[in-house]
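In my numbering, the protein residues as written are 640 to 1178. Everything on this sheet refers to the single structure shown next.
Here it is, written out as C-alpha coordinates:
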(Lines of atoms letter the chains of each structure in order from A and count residues from 1; the text may use other names and numbers.)
(Lines give C-alpha, C1' and ligand atoms only; values in the text may rest on other atoms or scores of the structure.)
Protein backbone atom coordinates (compact mmCIF):
# COMPACT_ATOMS: atom_id res chain seq x y z
CA UNK A 1 0.00 0.00 0.00
CA UNK A 2 2.85 2.34 0.85
CA UNK A 3 4.50 1.71 -2.52
CA UNK A 4 1.29 2.57 -4.34
CA UNK A 5 1.02 5.87 -2.49
CA UNK A 6 4.63 6.76 -3.27
CA UNK A 7 4.10 5.90 -6.93
CA UNK A 8 1.04 8.11 -7.00
CA UNK A 9 2.96 11.02 -5.45
CA UNK A 10 5.71 10.71 -8.03
CA UNK A 11 3.27 10.58 -10.96
CA UNK A 12 3.86 13.12 -13.70
CA UNK A 13 0.89 15.31 -14.62
CA UNK A 14 0.60 16.03 -18.33
CA UNK A 15 -1.17 19.08 -19.76
CA UNK A 16 -4.29 17.00 -20.52
CA UNK A 17 -4.25 15.56 -17.01
CA UNK A 18 -3.78 18.92 -15.29
CA UNK A 19 -6.28 21.20 -17.09
CA UNK A 20 -9.64 19.67 -18.00
CA UNK A 21 -12.82 21.46 -19.15
CA UNK A 22 -11.34 24.87 -18.45
CA UNK A 23 -10.35 24.03 -14.86
CA UNK A 24 -7.38 22.66 -12.99
CA UNK A 25 -7.69 19.13 -11.69
CA UNK A 26 -7.49 18.63 -7.93
CA UNK A 27 -3.94 17.24 -8.03
CA UNK A 28 -2.73 20.05 -10.31
CA UNK A 29 -4.35 22.67 -8.06
CA UNK A 30 -2.64 21.28 -4.94
CA UNK A 31 0.73 21.08 -6.65
CA UNK A 32 0.44 24.56 -8.14
CA UNK A 33 -0.59 25.93 -4.74
CA UNK A 34 2.49 24.38 -3.11
CA UNK A 35 4.78 25.81 -5.81
CA UNK A 36 3.16 29.25 -5.42
CA UNK A 37 3.52 29.17 -1.62
CA UNK A 38 7.20 28.20 -1.85
CA UNK A 39 7.83 30.92 -4.44
CA UNK A 40 6.11 33.37 -2.08
CA UNK A 41 8.44 32.26 0.71
CA UNK A 42 11.54 32.77 -1.43
CA UNK A 43 10.56 36.25 -2.56
CA UNK A 44 9.39 37.11 0.94
CA UNK A 45 12.89 36.19 2.18
CA UNK A 46 14.53 38.32 -0.50
CA UNK A 47 13.78 41.71 1.09
CA UNK A 48 12.74 40.75 4.61
CA UNK A 49 16.01 42.16 5.97
CA UNK A 50 15.43 45.58 4.36
CA UNK A 51 13.93 47.08 7.54
CA UNK A 52 16.48 45.28 9.72
CA UNK A 53 19.54 46.55 7.82
CA UNK A 54 20.16 49.63 10.02
CA UNK A 55 20.17 47.40 13.13
CA UNK A 56 22.47 44.80 11.53
CA UNK A 57 24.84 47.48 10.26
CA UNK A 58 25.07 48.97 13.74
CA UNK A 59 25.53 45.60 15.50
CA UNK A 60 28.37 44.39 13.28
CA UNK A 61 29.97 47.82 12.86
CA UNK A 62 29.93 47.74 9.06
CA UNK A 63 29.00 50.31 6.39
CA UNK A 64 25.59 50.48 4.75
CA UNK A 65 27.12 49.49 1.42
CA UNK A 66 28.52 46.31 2.99
CA UNK A 67 25.30 45.60 4.88
CA UNK A 68 23.13 45.84 1.79
CA UNK A 69 24.99 42.81 0.45
CA UNK A 70 22.51 40.80 2.54
CA UNK A 71 19.83 41.81 0.03
CA UNK A 72 21.96 42.29 -3.10
CA UNK A 73 23.81 38.98 -2.85
CA UNK A 74 20.45 37.24 -2.51
CA UNK A 75 19.30 38.69 -5.82
CA UNK A 76 22.68 38.04 -7.46
CA UNK A 77 22.73 34.35 -6.47
CA UNK A 78 19.13 33.97 -7.61
CA UNK A 79 20.16 35.52 -10.92
CA UNK A 80 22.98 32.98 -11.25
CA UNK A 81 20.68 30.08 -10.31
CA UNK A 82 17.95 30.97 -12.80
CA UNK A 83 19.93 29.96 -15.94
CA UNK A 84 20.36 26.51 -14.40
CA UNK A 85 16.58 26.11 -14.34
CA UNK A 86 16.40 25.06 -17.99
CA UNK A 87 18.88 22.24 -17.29
CA UNK A 88 17.38 21.28 -13.93
CA UNK A 89 13.77 21.08 -15.18
CA UNK A 90 14.85 18.71 -17.97
CA UNK A 91 17.32 16.61 -16.01
CA UNK A 92 15.40 16.26 -12.70
CA UNK A 93 11.76 15.93 -11.72
CA UNK A 94 9.77 18.77 -10.18
CA UNK A 95 9.72 17.02 -6.81
CA UNK A 96 13.48 16.43 -6.81
CA UNK A 97 14.17 20.10 -7.57
CA UNK A 98 11.76 21.48 -4.97
CA UNK A 99 12.66 19.07 -2.16
CA UNK A 100 16.40 19.67 -2.63
CA UNK A 101 15.87 23.43 -2.83
CA UNK A 102 13.84 23.56 0.37
CA UNK A 103 16.45 21.49 2.20
CA UNK A 104 19.21 23.93 1.21
CA UNK A 105 17.00 26.91 2.11
CA UNK A 106 16.25 25.55 5.57
CA UNK A 107 19.94 24.84 6.28
CA UNK A 108 20.86 28.37 5.20
CA UNK A 109 18.24 29.91 7.47
CA UNK A 110 19.49 27.87 10.42
CA UNK A 111 23.07 28.97 9.73
CA UNK A 112 22.16 32.68 9.64
CA UNK A 113 20.09 32.29 12.81
CA UNK A 114 23.01 30.87 14.82
CA UNK A 115 25.89 32.86 13.24
CA UNK A 116 27.90 35.31 15.31
CA UNK A 117 29.79 36.97 12.44
CA UNK A 118 28.57 38.93 9.44
CA UNK A 119 30.41 36.60 7.04
CA UNK A 120 28.48 33.54 8.28
CA UNK A 121 25.17 35.43 8.16
CA UNK A 122 26.00 36.31 4.54
CA UNK A 123 26.84 32.66 3.81
CA UNK A 124 23.46 31.62 5.18
CA UNK A 125 21.78 34.16 2.92
CA UNK A 126 23.65 32.70 -0.06
CA UNK A 127 22.32 29.23 0.79
CA UNK A 128 18.80 30.66 1.10
CA UNK A 129 19.15 32.20 -2.36
CA UNK A 130 20.45 28.93 -3.83
CA UNK A 131 17.43 27.17 -2.34
CA UNK A 132 14.85 29.60 -3.76
CA UNK A 133 16.55 30.72 -6.99
CA UNK A 134 14.83 28.14 -9.17
CA UNK A 135 11.35 28.37 -7.64
CA UNK A 136 9.88 31.23 -9.66
CA UNK A 137 11.14 29.91 -13.04
CA UNK A 138 9.81 26.44 -12.19
CA UNK A 139 6.41 27.94 -11.29
CA UNK A 140 6.42 30.09 -14.43
CA UNK A 141 7.28 27.16 -16.71
CA UNK A 142 4.61 25.04 -15.02
CA UNK A 143 1.90 27.67 -15.61
CA UNK A 144 2.82 28.04 -19.27
CA UNK A 145 2.84 24.26 -19.72
CA UNK A 146 -0.64 23.87 -18.17
CA UNK A 147 -2.76 26.85 -19.21
CA UNK A 148 -3.85 27.70 -22.77
CA UNK A 149 -2.80 31.04 -24.25
CA UNK A 150 -6.13 32.74 -23.52
CA UNK A 151 -5.88 31.94 -19.79
CA UNK A 152 -2.21 32.71 -19.13
CA UNK A 153 -2.72 36.36 -18.23
CA UNK A 154 -5.21 35.45 -15.52
CA UNK A 155 -3.05 32.59 -14.26
CA UNK A 156 0.18 34.61 -14.19
CA UNK A 157 -1.61 37.50 -12.52
CA UNK A 158 -2.74 35.16 -9.77
CA UNK A 159 0.44 33.19 -9.09
CA UNK A 160 2.47 36.33 -9.78
CA UNK A 161 1.31 37.66 -6.42
CA UNK A 162 4.06 35.46 -4.97
CA UNK A 163 6.60 37.38 -7.04
CA UNK A 164 5.52 40.94 -6.33
CA UNK A 165 3.56 41.03 -3.06
CA UNK A 166 6.00 38.96 -1.01
CA UNK A 167 8.96 41.38 -1.31
CA UNK A 168 6.66 44.22 -0.26
CA UNK A 169 5.35 42.36 2.81
CA UNK A 170 8.82 41.17 3.80
CA UNK A 171 10.12 44.52 5.14
CA UNK A 172 6.95 44.99 7.20
CA UNK A 173 7.17 41.71 9.10
CA UNK A 174 10.95 41.95 9.21
CA UNK A 175 10.78 45.33 10.89
CA UNK A 176 8.23 44.14 13.43
CA UNK A 177 10.30 41.06 14.27
CA UNK A 178 13.47 43.14 14.62
CA UNK A 179 11.86 45.46 17.17
CA UNK A 180 10.08 42.66 19.03
CA UNK A 181 12.69 39.90 19.22
CA UNK A 182 15.78 41.04 17.33
CA UNK A 183 16.80 40.43 13.73
CA UNK A 184 17.82 36.81 14.40
CA UNK A 185 14.17 35.92 14.98
CA UNK A 186 13.66 36.53 11.25
CA UNK A 187 15.90 33.58 10.41
CA UNK A 188 14.26 31.39 13.05
CA UNK A 189 10.89 32.03 11.39
CA UNK A 190 12.35 31.29 7.95
CA UNK A 191 13.80 28.02 9.26
CA UNK A 192 10.35 26.92 10.46
CA UNK A 193 8.70 28.01 7.19
CA UNK A 194 11.36 26.15 5.20
CA UNK A 195 10.75 22.95 7.18
CA UNK A 196 6.97 23.22 6.63
CA UNK A 197 7.49 23.80 2.89
CA UNK A 198 9.76 20.76 2.75
CA UNK A 199 7.08 18.57 4.37
CA UNK A 200 4.39 19.88 2.00
CA UNK A 201 6.61 19.18 -1.00
CA UNK A 202 7.23 15.61 0.10
CA UNK A 203 3.56 14.90 0.83
CA UNK A 204 1.57 16.81 -1.79
CA UNK A 205 3.69 17.84 -4.78
CA UNK A 206 3.37 16.10 -8.17
CA UNK A 207 5.73 16.19 -11.15
CA UNK A 208 5.20 18.27 -14.30
CA UNK A 209 6.94 17.69 -17.62
CA UNK A 210 9.17 14.88 -18.82
CA UNK A 211 12.74 14.14 -17.74
CA UNK A 212 15.70 13.82 -20.10
CA UNK A 213 18.65 12.22 -18.31
CA UNK A 214 20.93 12.81 -21.30
CA UNK A 215 20.88 16.60 -20.84
CA UNK A 216 24.15 18.06 -19.60
CA UNK A 217 24.82 21.45 -18.00
CA UNK A 218 27.56 23.86 -19.06
CA UNK A 219 29.07 24.44 -15.62
CA UNK A 220 31.90 26.50 -17.10
CA UNK A 221 29.24 29.06 -18.05
CA UNK A 222 28.00 28.95 -14.45
CA UNK A 223 31.52 29.79 -13.25
CA UNK A 224 31.77 32.63 -15.78
CA UNK A 225 28.48 34.12 -14.57
CA UNK A 226 29.61 33.92 -10.93
CA UNK A 227 32.94 35.61 -11.59
CA UNK A 228 31.41 38.07 -14.05
CA UNK A 229 28.43 39.39 -12.13
CA UNK A 230 29.95 38.77 -8.70
CA UNK A 231 33.19 40.58 -9.58
CA UNK A 232 31.32 43.52 -11.06
CA UNK A 233 29.13 43.89 -7.98
CA UNK A 234 32.07 43.55 -5.58
CA UNK A 235 34.01 46.22 -7.45
CA UNK A 236 31.00 48.56 -7.47
CA UNK A 237 30.31 48.21 -3.76
CA UNK A 238 33.97 48.89 -2.88
CA UNK A 239 33.97 52.23 -4.69
CA UNK A 240 32.44 53.85 -1.60
CA UNK A 241 35.32 52.78 0.67
CA UNK A 242 38.24 52.70 -1.79
CA UNK A 243 39.35 54.91 -4.72
CA UNK A 244 38.83 53.61 -8.24
CA UNK A 245 42.61 53.07 -8.53
CA UNK A 246 42.69 50.73 -5.51
CA UNK A 247 43.34 47.00 -5.91
CA UNK A 248 39.99 46.48 -4.16
CA UNK A 249 38.06 48.07 -7.04
CA UNK A 250 39.48 48.13 -10.57
CA UNK A 251 40.75 44.50 -10.77
CA UNK A 252 37.31 43.20 -9.74
CA UNK A 253 35.58 45.51 -12.20
CA UNK A 254 37.81 44.29 -15.04
CA UNK A 255 37.38 40.62 -14.09
CA UNK A 256 33.62 41.16 -13.84
CA UNK A 257 33.31 42.83 -17.24
CA UNK A 258 35.57 40.23 -18.89
CA UNK A 259 33.57 37.40 -17.32
CA UNK A 260 30.25 38.84 -18.52
CA UNK A 261 31.53 39.37 -22.09
CA UNK A 262 32.98 35.84 -22.18
CA UNK A 263 29.74 34.44 -20.75
CA UNK A 264 27.60 36.16 -23.42
CA UNK A 265 29.87 35.07 -26.29
CA UNK A 266 29.90 31.48 -25.02
CA UNK A 267 26.10 31.37 -24.86
CA UNK A 268 25.80 32.65 -28.43
CA UNK A 269 28.23 30.09 -29.87
CA UNK A 270 27.64 27.03 -27.67
CA UNK A 271 25.50 24.26 -29.16
CA UNK A 272 23.73 23.68 -25.82
CA UNK A 273 24.00 27.02 -24.00
CA UNK A 274 23.26 27.38 -20.31
CA UNK A 275 21.28 30.54 -21.10
CA UNK A 276 19.79 30.52 -24.59
CA UNK A 277 20.28 34.17 -25.54
CA UNK A 278 19.05 33.49 -29.07
CA UNK A 279 15.50 34.11 -27.86
CA UNK A 280 16.48 37.79 -27.69
CA UNK A 281 16.20 37.83 -31.48
CA UNK A 282 12.44 37.99 -30.92
CA UNK A 283 11.87 41.74 -30.73
CA UNK A 284 8.80 41.73 -28.48
CA UNK A 285 10.44 39.37 -26.01
CA UNK A 286 13.53 41.60 -25.83
CA UNK A 287 11.48 44.75 -25.26
CA UNK A 288 9.49 43.12 -22.46
CA UNK A 289 12.66 41.81 -20.81
CA UNK A 290 14.37 45.22 -20.91
CA UNK A 291 11.39 47.01 -19.35
CA UNK A 292 10.99 44.36 -16.65
CA UNK A 293 14.71 44.63 -15.80
CA UNK A 294 14.46 48.41 -15.52
CA UNK A 295 11.52 48.06 -13.15
CA UNK A 296 13.53 45.71 -10.91
CA UNK A 297 16.48 48.13 -10.98
CA UNK A 298 14.27 50.96 -9.73
CA UNK A 299 12.28 48.78 -7.29
CA UNK A 300 15.19 47.15 -5.43
CA UNK A 301 17.02 50.42 -4.86
CA UNK A 302 14.00 52.08 -3.25
CA UNK A 303 13.45 49.14 -0.88
CA UNK A 304 16.95 49.75 0.50
CA UNK A 305 16.90 53.56 0.49
CA UNK A 306 13.44 54.09 2.00
CA UNK A 307 14.04 52.21 5.30
CA UNK A 308 17.25 54.22 5.81
CA UNK A 309 15.28 57.45 5.39
CA UNK A 310 12.53 56.35 7.79
CA UNK A 311 14.79 54.96 10.54
CA UNK A 312 18.09 56.83 10.33
CA UNK A 313 16.91 60.26 9.19
CA UNK A 314 13.43 60.41 10.69
CA UNK A 315 14.09 58.38 13.86
CA UNK A 316 11.23 55.89 13.50
CA UNK A 317 11.47 52.24 14.53
CA UNK A 318 11.97 49.27 12.22
CA UNK A 319 8.34 48.33 12.82
CA UNK A 320 7.18 51.73 11.61
CA UNK A 321 9.46 51.39 8.60
CA UNK A 322 7.74 48.14 7.70
CA UNK A 323 4.26 49.58 8.29
CA UNK A 324 4.99 52.50 5.99
CA UNK A 325 5.80 50.04 3.22
CA UNK A 326 2.88 47.69 3.95
CA UNK A 327 0.19 49.55 1.91
CA UNK A 328 2.46 49.10 -1.08
CA UNK A 329 2.01 45.33 -0.74
CA UNK A 330 -1.76 45.81 -0.81
CA UNK A 331 -1.47 48.02 -3.89
CA UNK A 332 0.67 45.43 -5.65
CA UNK A 333 -1.78 42.66 -4.80
CA UNK A 334 -4.71 44.60 -6.26
CA UNK A 335 -2.84 45.66 -9.39
CA UNK A 336 -1.25 42.24 -9.91
CA UNK A 337 -4.58 40.46 -9.68
CA UNK A 338 -6.34 42.87 -12.05
CA UNK A 339 -3.40 43.31 -14.39
CA UNK A 340 -3.39 39.69 -15.53
CA UNK A 341 -7.11 39.76 -16.29
CA UNK A 342 -6.90 43.09 -18.11
CA UNK A 343 -4.04 41.68 -20.17
CA UNK A 344 -6.29 38.91 -21.47
CA UNK A 345 -8.98 41.46 -22.29
CA UNK A 346 -7.19 44.58 -23.55
CA UNK A 347 -3.64 43.51 -24.35
CA UNK A 348 -0.28 44.41 -22.81
CA UNK A 349 0.26 47.93 -24.12
CA UNK A 350 -2.57 49.88 -22.41
CA UNK A 351 -2.11 47.99 -19.13
CA UNK A 352 1.68 48.40 -19.02
CA UNK A 353 1.53 52.02 -20.18
CA UNK A 354 -0.84 52.82 -17.32
CA UNK A 355 1.38 50.96 -14.87
CA UNK A 356 4.63 52.65 -15.94
CA UNK A 357 3.02 56.10 -15.83
CA UNK A 358 1.68 55.51 -12.32
CA UNK A 359 5.07 54.14 -11.22
CA UNK A 360 6.83 57.21 -12.59
CA UNK A 361 4.44 59.66 -10.93
CA UNK A 362 4.67 57.84 -7.60
CA UNK A 363 8.48 57.91 -7.69
CA UNK A 364 8.53 61.62 -8.52
CA UNK A 365 6.23 62.30 -5.57
CA UNK A 366 8.40 60.15 -3.31
CA UNK A 367 11.51 62.11 -4.33
CA UNK A 368 10.02 65.23 -2.71
CA UNK A 369 10.19 63.88 0.84
CA UNK A 370 11.87 66.08 3.44
CA UNK A 371 12.71 66.18 7.12
CA UNK A 372 9.17 67.27 8.03
CA UNK A 373 7.12 65.25 5.55
CA UNK A 374 4.11 63.51 7.07
CA UNK A 375 5.09 59.85 7.28
CA UNK A 376 1.65 58.82 6.02
CA UNK A 377 2.33 60.71 2.78
CA UNK A 378 5.49 58.63 2.29
CA UNK A 379 3.36 55.49 2.63
CA UNK A 380 0.82 56.81 0.11
CA UNK A 381 3.55 57.55 -2.42
CA UNK A 382 4.95 54.05 -1.98
CA UNK A 383 1.42 52.65 -2.38
CA UNK A 384 1.07 54.47 -5.71
CA UNK A 385 4.45 53.17 -6.86
CA UNK A 386 3.53 49.59 -6.04
CA UNK A 387 0.26 49.84 -7.96
CA UNK A 388 2.31 50.90 -10.96
CA UNK A 389 4.67 47.94 -10.48
CA UNK A 390 1.74 45.53 -10.34
CA UNK A 391 0.28 46.80 -13.61
CA UNK A 392 3.68 46.75 -15.32
CA UNK A 393 5.72 43.70 -14.39
CA UNK A 394 3.48 40.65 -14.80
CA UNK A 395 1.51 41.77 -17.90
CA UNK A 396 4.76 42.58 -19.72
CA UNK A 397 6.40 39.32 -18.65
CA UNK A 398 3.42 37.26 -19.79
CA UNK A 399 3.14 39.15 -23.08
CA UNK A 400 6.83 38.77 -23.86
CA UNK A 401 6.79 35.01 -23.18
CA UNK A 402 3.60 34.60 -25.23
CA UNK A 403 5.58 35.84 -28.24
CA UNK A 404 7.88 32.80 -28.02
CA UNK A 405 7.31 29.36 -29.46
CA UNK A 406 6.22 26.79 -26.82
CA UNK A 407 9.60 25.03 -27.04
CA UNK A 408 11.40 28.32 -26.21
CA UNK A 409 9.29 29.30 -23.18
CA UNK A 410 11.68 27.59 -20.75
CA UNK A 411 14.69 29.38 -22.26
CA UNK A 412 12.81 32.68 -22.36
CA UNK A 413 11.76 32.34 -18.73
CA UNK A 414 15.39 31.76 -17.74
CA UNK A 415 16.60 34.78 -19.72
CA UNK A 416 14.00 37.24 -18.46
CA UNK A 417 14.30 36.12 -14.82
CA UNK A 418 18.10 36.24 -14.94
CA UNK A 419 18.03 39.75 -16.39
CA UNK A 420 15.56 40.94 -13.75
CA UNK A 421 17.40 39.47 -10.79
CA UNK A 422 20.77 40.84 -11.90
CA UNK A 423 19.24 44.26 -12.60
CA UNK A 424 17.80 44.24 -9.08
CA UNK A 425 21.09 43.09 -7.56
CA UNK A 426 23.10 45.77 -9.36
CA UNK A 427 20.48 48.51 -8.96
CA UNK A 428 20.59 48.67 -5.17
CA UNK A 429 24.39 49.15 -4.76
CA UNK A 430 24.63 51.58 -7.68
CA UNK A 431 21.94 53.94 -6.38
CA UNK A 432 23.15 53.55 -2.78
CA UNK A 433 26.64 54.60 -3.93
CA UNK A 434 25.14 57.52 -5.84
CA UNK A 435 23.13 58.49 -2.78
CA UNK A 436 26.20 58.31 -0.49
CA UNK A 437 28.33 60.32 -2.94
CA UNK A 438 25.74 63.09 -3.24
CA UNK A 439 25.29 63.06 0.54
CA UNK A 440 29.05 63.47 1.10
CA UNK A 441 29.28 66.37 -1.34
CA UNK A 442 26.24 68.07 0.20
CA UNK A 443 27.56 67.57 3.71
CA UNK A 444 30.86 69.19 2.76
CA UNK A 445 29.04 72.07 1.08
CA UNK A 446 27.00 72.73 4.25
CA UNK A 447 30.12 72.90 6.45
CA UNK A 448 30.50 69.26 7.50
CA UNK A 449 29.05 69.61 11.01
CA UNK A 450 26.87 67.02 12.78
CA UNK A 451 23.89 69.35 12.62
CA UNK A 452 23.79 69.15 8.81
CA UNK A 453 24.15 65.35 8.51
CA UNK A 454 20.42 64.56 8.38
CA UNK A 455 19.73 67.31 5.86
CA UNK A 456 22.59 66.00 3.71
CA UNK A 457 21.28 62.43 3.93
CA UNK A 458 17.80 63.49 2.84
CA UNK A 459 19.27 65.51 -0.03
CA UNK A 460 21.13 62.41 -1.25
CA UNK A 461 17.97 60.28 -0.94
CA UNK A 462 15.96 62.82 -2.95
CA UNK A 463 18.42 62.72 -5.84
CA UNK A 464 18.65 58.93 -5.80
CA UNK A 465 14.86 58.79 -6.09
CA UNK A 466 14.92 61.35 -8.91
CA UNK A 467 17.31 59.11 -10.82
CA UNK A 468 14.92 56.22 -10.18
CA UNK A 469 12.09 58.39 -11.55
CA UNK A 470 14.10 59.00 -14.75
CA UNK A 471 14.43 55.23 -15.16
CA UNK A 472 10.66 54.93 -14.80
CA UNK A 473 10.19 57.64 -17.44
CA UNK A 474 12.39 55.60 -19.75
CA UNK A 475 10.08 52.64 -19.12
CA UNK A 476 7.07 54.74 -20.15
CA UNK A 477 8.73 55.66 -23.44
CA UNK A 478 9.79 52.08 -24.13
CA UNK A 479 6.25 50.80 -23.56
CA UNK A 480 4.76 53.55 -25.74
CA UNK A 481 7.09 53.02 -28.67
CA UNK A 482 8.14 49.39 -28.23
CA UNK A 483 5.17 47.32 -27.03
CA UNK A 484 3.39 46.52 -30.28
CA UNK A 485 2.33 43.54 -32.32
CA UNK A 486 0.74 40.27 -31.31
CA UNK A 487 -1.13 40.51 -28.00
CA UNK A 488 -0.13 44.13 -27.37
CA UNK A 489 -3.62 45.58 -27.84
CA UNK A 490 -4.21 49.32 -28.17
CA UNK A 491 -5.21 52.26 -26.03
CA UNK A 492 -8.01 53.14 -28.46
CA UNK A 493 -9.58 49.71 -28.04
CA UNK A 494 -9.37 49.96 -24.26
CA UNK A 495 -10.85 53.49 -24.22
CA UNK A 496 -13.82 52.49 -26.36
CA UNK A 497 -14.50 49.50 -24.15
CA UNK A 498 -14.39 51.62 -21.00
CA UNK A 499 -16.65 54.30 -22.47
CA UNK A 500 -19.10 51.65 -23.63
CA UNK A 501 -19.32 50.21 -20.11
CA UNK A 502 -20.00 53.60 -18.52
CA UNK A 503 -22.50 54.47 -21.34
CA UNK A 504 -20.66 57.57 -22.51
CA UNK A 505 -20.99 56.45 -26.12
CA UNK A 506 -23.86 54.55 -27.70
CA UNK A 507 -22.55 51.23 -28.94
CA UNK A 508 -25.17 48.49 -28.54
CA UNK A 509 -23.94 44.97 -28.16
CA UNK A 510 -24.08 42.91 -31.37
CA UNK A 511 -26.75 40.58 -30.00
CA UNK A 512 -29.01 43.43 -28.90
CA UNK A 513 -28.54 45.20 -32.21
CA UNK A 514 -29.45 42.03 -34.11
CA UNK A 515 -32.61 41.57 -32.06
CA UNK A 516 -33.62 45.17 -32.74
CA UNK A 517 -33.09 44.68 -36.48
CA UNK A 518 -35.26 41.55 -36.51
CA UNK A 519 -38.01 43.32 -34.58
CA UNK A 520 -37.98 46.24 -37.01
CA UNK A 521 -38.15 43.88 -39.96
CA UNK A 522 -41.13 42.05 -38.43
CA UNK A 523 -43.00 45.31 -37.95
CA UNK A 524 -42.38 46.35 -41.52
CA UNK A 525 -43.65 43.01 -42.87
CA UNK A 526 -46.76 42.88 -40.65
CA UNK A 527 -49.94 43.35 -42.70
CA UNK A 528 -52.06 46.32 -41.72
CA UNK A 529 -55.88 46.58 -41.61
CA UNK A 530 -57.94 49.66 -41.82
CA UNK A 531 -59.88 50.32 -38.67
CA UNK A 532 -63.15 52.04 -38.49
CA UNK A 533 -61.58 55.40 -37.72
CA UNK A 534 -59.38 55.28 -40.80
CA UNK A 535 -56.07 54.56 -39.02
CA UNK A 536 -53.83 51.63 -39.79
CA UNK A 537 -53.72 48.90 -37.19
CA UNK A 538 -51.13 46.17 -36.82
CA UNK A 539 -52.37 42.66 -36.47
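Here a beta-carbon is modelled for each residue, glycine too, at the ideal position from N, C-alpha and C. None of these values were measured; they are calculated from a predicted model.
Taking C-beta atoms under 8 Å as the contact rule, residue 891 and residue 867 fail to qualify, at a distance of about 11 Å. Your pair residue 814 and residue 939 does not check out as a contact, with CB atoms roughly 17 Å apart and the cut at 8 Å.
Only residues of its own chain outside the window of five on either side were considered, and among them 1059, 1062 and 1063 have a CB closer than 6 Å to the CB of residue 935, listed in chain order. Counting C-beta atoms within 10 angstroms of its own C-beta, residue 733 has 16 or more neighbours from the protein chains shown and is therefore classed as buried.
Counted as a single uninterrupted DSSP element, the alpha helix (DSSP H) harbouring residue 729 occupies residues 723-730.
A contact is defined here as three or more CB-CB pairs under 8 Å, and the segment 902-917 fails this definition with respect to the segment 1071-1083. Between the C-alpha atoms of residue 1101 and residue 726 there is a straight-line separation of about 43 Å. In this structure residue 1010 touches residue 1094 by the C-beta definition: roughly 7 Å separates them, less than 8 Å. Exclusion of the five residues before and after residue 1077 leaves 1099 and 1102 as the residues of its chain whose Cβ lies within less than 6 Å of its Cβ. Spanning the alpha carbons of residue 1067 and residue 660 requires a straight line of approximately 45 Å.
Contact between residue 1001 and residue 1024 holds, with the beta-carbon distance rounding to 4 Å and staying under 8 Å. Comparing C-alpha distances from residue 944 to each of 1028, 768, 862 and 810 shows the shortest one belongs to 810.
In this model, residue 1107 and residue 894 are separated by some 28 Å (Cα to Cα).
The alpha-carbon separation between residue 841 and residue 670 amounts to approximately 11 Å. Residue pairing by DSSP places residue 651 opposite 846 in a beta bridge. For residue 928, the closest of 992, 805, 1056 and 693 by C-alpha to C-alpha distance is 1056. Using a Cβ distance threshold of 8 Å, residue 713 and residue 784 do not count as a contacting pair. Under a 10 Å Cβ-count criterion, residue 1120 is classified as exposed, with fewer than 16 other Cβ atoms of the shown protein chains found around its own Cβ. In the DSSP assignment, residue 659 is bridged to 662.
Distance check between residue 1115 and each of 742, 954, 750 and 1035 places 1035 closest, using alpha-carbon atoms only. Cβ-Cβ distances below 8 Å link residue 999 to 1027, 1108, 1111, 1112, 1114 and 1115 in the same chain, with the five nearest sequence neighbours on each side left out; the list follows chain order. Contact check for residue 948 against residue 808 fails: the beta carbons are separated by 8 Å or more. The C-alpha of residue 1030 is placed about 5 Å away from the C-alpha of residue 978. Distances from the alpha-carbon of residue 678 to those of 698, 695, 736 and 899 put 736 closest. Looking at 817, 1022 and 676, the one whose alpha-carbon comes closest to that of residue 777 is 676.
Contact between residue 854 and residue 723 fails: their C-beta atoms lie close to 12 Å from each other, not under 8 Å.
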